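Residue 2 is where the sequence shown starts when you use my numbering, and the numbers rise one by one after that. Since the structure comes first, as structure tokens, the remarks are kept for the end.
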Amino acid sequence: MINRELLAPQSIAVIGGSNNIHKPGGAVVRNIVQGGYQGTLRVVNPKEDEVQGIKVFHDARELPPTEMAVLVIPAKFCPDTVELLAREKQTKAFIIISAGFGEETKAGAEMEQRIIDICKQYGASLIGPNCIGLLNRNHHSVFTKPIPKLNPKGVDFVSGSGATAVFILESAVIKGLQFNSVWSIGNGKQIGIEDVLQYMDETFDAEHDSPVKLLYIENIANPDKLLFHASSLIRKGCRIAAIKAGSSESGSRAASSHTGAIASSDSAVEALFRKAGIVRCHSREELTTVGCIFTLPPLTGKRFAIVTHAGGPGVMLTDALSKGGLEVPKLEGESAEELKGKLFPGSSVANPIDILATGTPEILGTAIDYCEQRFDNIDAIAVIYGTPGLTTLYEAYEVLHKKILECKKPIFPILPSLHTAGPEVAEFLGKGHVNFSDEVTLATALSQIMTTPPPAPPEVQLYGIDIPRLNKIIMNISESGYVQPSVVREVLSCAGIPMVPEMVSDQKDQLVDFAQQVGYPVVAKVVGPVHKSDVGGVTLNIRTAEHLALEFDRMMQIEGATAVMVQKMLRGTELFIGAKYEERFGHVVLCGLGGIFVEVLKDVQSGLAPLSYGEAFSMIHSLRGYKIIKGTRGQQGINEQKYADIIVRLSTLLRFATEIKEIDINPLLADQHDVVAVDARILIEK
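Here is the structure:
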């Protein structure tokens with residue numbers, strides 16, 4: 002629970018505060034004092050009479066009633082202190098800096114649980130233990146530096162790691178990124194990242210609250226809660242970016258299917274973030290760069306003008322923007338020629354607009370004016386302006402400052418001379434601006450933002466899914482493992498997923514008769530072995546009954562063979578759909594090009610079931626091989642609507658069948674008319 006006493010306490014007691022500002026107890030007191038805390042600050046220290054000018058209480062029992070306590074004492078003393086303060090001093094909020102709890106030992110976990118139980122009993126909020134504290138505009142209850150510049154419209158930052166939070170703040174401060182609050186949740190057993198988002202969502206006021214949230218997550222305890230409140234905040238106008246650390250392969254077992262080989266807990270995180278509309282970042286620099294971009298006016302298009310006085314960075318930015326799916330259109334025509342006439346000889350206006358190293362602040366302003374007013378094919382402006390050490394940049398940065406305030410198109414300042422022109426950059430940032438010192442990092446972050454879809458609608462697409470029949474099929478399966486092909490067909494039919502005509506039998510005559518009915522050519526596949534191709538268990542383009550009979554006899558000799566499947570042979574583009582159940586997250590659905598390309602190229606996109614049609618199309622369009630799906634070099638594209646339809650239907654079916662732990666549909670054969678499942682496997686755990 003998050004209460005008023007935690008966010009805006011009228012009195013704070015630092016238990017373990019000291020005069021040594023190089024230790025956490027002293028640093029917390031220093032930061033609260035220097036932060037201009039307006040309430041009553043009390044300090045408990047048995048060995049000191051005065052701490053940093055504040056009269057000291059030698060024992061917590063001596064304290065008067067106090068709304069919030071910051072504990073910077075050994076872990077073994079924390080439970081009794083929390084109980085004393087909650088019971089006798091009406092303390093309703095605790096920040097426990099101390100470590101040595103559940104993150105270390107079983108005994109520590111028991112102490113931590115006792116603290117949680119006490120807080121629950123007395124209705125108190127708990128941040129920590131094992132954290133750096135809480136920083137907002139009311140109190141700076143942290144022991145670390147830097148203390149960023151606070152602003153009501155600055156960023157709300159929530160971190161699952163105290164040390165990482167400090168490093169992210171370091172990265173942010175040098176960019177000029179301002180903050181509204183910093184939450185270090187530590188072990189987060191009472192208030193986790195999901196709980197902070199819930200509070201921000203339920204109390205959000207668009208007029209007064211920050212619209213930007215940055216997250217550093219080490220553990221997603223409740224994916225549904227994170228999804229719900231992050232999506233809700235974004236729909237209310239917020240923008241959220243996050244790092245999720247520790248999302249490597251989810252297990253060490255040998256993968257028994259394509260889906261098992263590809264899907265991981267990282268796939269689940271990727272799918273969750275896409276569904277919520279969260280921009281995923283992978284480094285501190287990327288996260289703070291995205292945060293800076295979020296403070297600027299939103300992009301309305303992908304077309305950039307680059308104004309630079311250094312050719313190399315302009316070219317690198319052009320390459321990076323283009324690689325990320327953004328555009329640097331050529332500037333030409335009457336306006337371009339007119340601008341060129343106002344620049345020094347040798348300047349270029351083709352885009353990048355290179356005003357040369359001798360370009361003056363006035364010329365910089367002129368180039369920006371043309372991008373803002375005269376070039377209709379430009380949506381945003383990137384300005385690269387540093388110094389080789391020959392001049393100061395105050396005038397140029399003053400021009401840039403004014404243009405950022407005047408222009409409707411967003412301007413991205415890239416000021417690389419942090420050492421040589423440190424004072425000039427600091428003055429520019431002091432006016433409330435941000436700085437992207439590296440152009441390629443900026444382009445990467447912009448690409449991540451532009452490719453992140455909006456939150457998916459919460460409604461489940463139930464049309465055409467036979468849930469009662471599905472439940473009956475699952476109930477009738479007696480044991481765990483891969484189910485028989487006939488059961489696979491029944492399950493897929495519950496979702497209306499079309500399958501190629503087929504028969505499975507251990508009787509040669511039945512299969513020959515079936516092939517005659519559907520018409521040659523046909524395909525024969527061994528039933529039993531999981532990876533049919535690896536054991537020679539697939540034969541294509543069988544055109545006669547004699548050939549089919551020979552293949553039947555050969556396949557039944559393969560180790561593990563129980564029968565042979567015969568299918569009508571179809572042609573088309575091979576596609577893949579799979580899904581894997583991830584604990585807490587649900588089913589991660591994968592799609593991509595099929596056949597061997599699934600494992601060779603791993604060109605797949607993931608989504609979290611159930612999926613909307615918007616999510617399905619976004620997954621399809623995000624594939625590197627989408628040009629093949631769309632049609633290239635004179636070849637017809639596939640029916641994307643039917644491919645998306647199967648993705649959505651399968652994801653909905655899985656929402657009601659958690660017993661299905663893995664499913665592969667590979668390949669689906671697709672052309673401009675139909676998409677048909679040719680082969681599928683389903684792993685059930687009862």
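Ideal Cβ positions, reconstructed from N, Cα and C, are used throughout, including at glycine. Bear in mind that the values here come from a model prediction, so they are computed numbers and not experimental data.
- Message: Please classify L654 as buried or exposed, where buried requires at least 16 other C-beta atoms within 10 Å of its C-beta.
- Response: By the beta-carbon neighbour count (other beta carbons within 10 angstroms, threshold 16), L654 is buried.
task: Might you give, ordered along the chain, the residues of its own chain that have their beta carbon closer than 8 Å to the beta carbon of L85, omitting 5 neighbours on each side?
output: A61, R62
Review point. Cβ atoms of V15 and V44: under 7 Å apart, would you say?
Key: A contact, by the Cβ cut-off of 7 Å.
L327 and K303: beta carbons closer than 7 Å? yes
Worksheet item: In angstroms, rounded to a whole number, what distance separates the CA positions of D320 and T442?
Response: 12 Å
- Task: Could you pull out every residue in the same chain whose Cβ sits closer than 8 Å to the Cβ of R640, ignoring the five residues on either side in sequence?
- Result: It should be pointed out that residue 640 corresponds to Asn in this sequence rather than to Arg. Cβ neighbours of N640 beyond the five flanking positions: A671, D672, Q673, H674, D675, V676.
- Message: In this structure, how does DSSP classify V519 when only helix, strand and coil are distinguished?
- Response: V519 falls in the helix class under three-state DSSP.
- Under three-state DSSP, which class holds H23? coil
Close Cβ partners of G529 (< 7 Å) along its chain, the five nearest in sequence each way excluded | G561, A562, T563
If we ignore side chains and look at the alpha-carbon of each, how far apart do A678 and L571 end up? 10 Å
*asked:* Beta-carbon within less than 6 Å of Q449's beta-carbon, same chain only, minus the 5 sequence neighbours each way: which residues are those?
replied: V280
Review point. In or out: I97 buried (at least 16 other Cβ within 10 Å) or exposed?
Key: Flag for I97 reads buried.
Nearest-angstrom Cβ-Cβ length linking E552 and A525, presumed shorter than 8 Å: 5 Å
Practice problem: Tell me whether the beta-carbon of K343 lies closer than 7 Å to the beta-carbon of T367. | Solution: yes
Between D206 and H230, what straight-line distance do the alpha-carbon atoms span, to the nearest angstrom? 14 Å
Contacts around K150, its chain only, beta-carbon distance under 6 Å, and the 5 residues preceding and following it disregarded: Q179
Q.
Taking 8 Å as the cut-off, does the region 142 to 161 touch the region 207 to 214 (at least 3 CB pairs, one atom from each stretch)?
A. The region 207 to 214 and the region 142 to 161 touch, with no fewer than 3 CB-CB distances between them shorter than 8 Å.
Notebook entry, point to check: Terminal residues of the continuous alpha helix (DSSP H) containing H230?
Noted result: Segment 224 to 236, the alpha helix (DSSP H) holding H230.
Q. So what does DSSP say about R254, is it helix, strand or coil?
A. Because R254 sits at a pLDDT of 38, beneath the cut-off of 50, its placement in the model cannot be relied upon, and the following sentence gives the value as read from the coordinates. Coil.
- When the Cα atoms are used, what is the spatial distance from A28 to S142? Straight across, the Cα-Cα distance linking A28 with S142 is about 9 Å.
Worksheet item: Using the C-alpha atoms, what's the distance from F577 back to V589?
Response: 14 Å
Using the C-alpha atoms, what's the distance from E583 back to E686? Approximately 13 Å, taken between the alpha carbons.
What number of angstroms, rounded off, separates the C-alpha of A255 from the C-alpha of G538? Because the pLDDT of A255 is 38, which lies under 50, any placement of that residue in the model is unreliable, and the number read from its coordinates should be weighed accordingly. Distance between the alpha carbons of A255 and G538: 21 Å.
DSSP bridge partner residues for G608 (one or two, in chain order): BP columns for G608 point to V590.
For F345, count neighbouring C-beta atoms within 10 Å of its own C-beta (all shown protein chains included) and say buried if the count is 16 or more, exposed if not.
exposed
task: Tell me whether A246 sits in a helix, a strand or coil according to DSSP, three-state version.
output: In the structure shown, the three-state DSSP call for A246 is coil.
| message | By alpha-carbon positions, which one of E51, E660, P454, F168 ends up nearest to R240? | response | P454
A76 to G189 span [Cα, whole Å]: Taking the straight line from one Cα to the other gives about 16 Å.
Local Cβ density within 10 Å of R650, reported as buried at 16 or more and exposed below that:
buried
Y386 vs E425 beta-carbon contact at 7 Å: no
Is E195 closer than 7 Å to A94 when the C-beta atoms are compared? no
Closest Cα partner of P224 within the set A272, I186, G187, E105: Among A272, I186, G187, E105, the Cα nearest to that of P224 is on A272.
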